[in-house]
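The next block holds one structure in the form of structure tokens; read it before the comments.
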Amino acid sequence: MRAATEGFRPDYADAVAGVRVAEHLKDFDWRIVGTPPLGIATANSDIDIICHASDYERFAKVVWGSFGYCLNFSLRQWTSGGRCVVCDFFFDGWEFQVFGDCRAIVDQSAWRHFVVEQRLLNLGGETLRQRVFAERLEGLKTEPAFAKVLGLDGDPFSEMQKLFEAKDEHLHLLIARNS
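Residue numbers (the working numbering): 448 to 626.
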């Protein structure tokens, strides 16, 4: 459960501006991904920020110096895969999770999922958004919610990743088939 879900929580963009993400992460080609910019955030949604961090040590120093004062700050580096650096903290009623990955933004899974989800919502309109949001309210994470609504079998993360290269026509058919 989020530390500050009771009471007022500002718009995610206000929280991002308040903690000065643009200033602190300007050297890391950062992007916000996930449910808030997609318009399907729940009370438990966080703000995910992905960054291109070719120098993990430098990235860790910057996020430590920039966000270390925030509530529940933590910093860790994965020991497998790309060894991504992850920073978590709370600010202004929102949980933030900041990822530093050596891969370019366009090659990161989080970006590819976000782009596909954004395209699907643009193509499927409010009806699709409401269906996905209803699944999110039932407790599903983003990719599983999309996969369920779209009737995708298998691992939801892999299935959403496969849609990244799909043409709009294919996505339209997928949406229509599962309406």
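Beta carbons are placed, not taken as given, at the ideal position from N, Cα and C, and that holds for glycine. Computed from a predicted structure; not experimentally measured.
**Asked** From valine 466 to alanine 581, what does the alpha carbon distance come to, in whole angstroms?
**Response** 30 angstroms
**Prompt:** Quick one, are the C-beta atoms of leucine 567 and isoleucine 622 less than 9 angstroms apart?
**Reply:** yes
**Asked** Run through DSSP, which three-state label would valine 510 get?
**Response** helix
**Message:** From the DSSP secondary-structure annotation, give me the bridge partner or partners of valine 532.
**Reply:** Gln524 and Gly547
**Asked** Whole-angstrom Cβ separation of valine 468 and isoleucine 496, contact assumed at under 8 angstroms?
**Response** 6 angstroms
**Request:** With DSSP collapsed to three states, give me the class of asparagine 625.
**Result:** coil
**Given glutamate 573 as reference, the closest of Leu485, His617, Tyr459 and Ser521 once Cα atoms are compared** = Leu485
**Request:** Would you kindly work out how many angstroms separate the C-alpha atoms of arginine 505 and glycine 598, rounded to a whole number?
**Result:** 43 angstroms
**Item:** Exposure of tyrosine 459, with buried meaning 16 or more beta-carbon neighbours within 10 Å
**Value:** buried
**Asked** Are the stretch 531-548 and the stretch 587-598 touching, with three or more C-beta to C-beta distances below 8 angstroms?
**Response** no
**Asked** Do the stretch 598-611 and the stretch 556-566 meet, that is, are 3 or more Cβ pairs less than 8 angstroms apart?
**Response** yes
**glycine 515 burial status per 10 Å Cβ neighbour count (16 or more: buried)** = exposed
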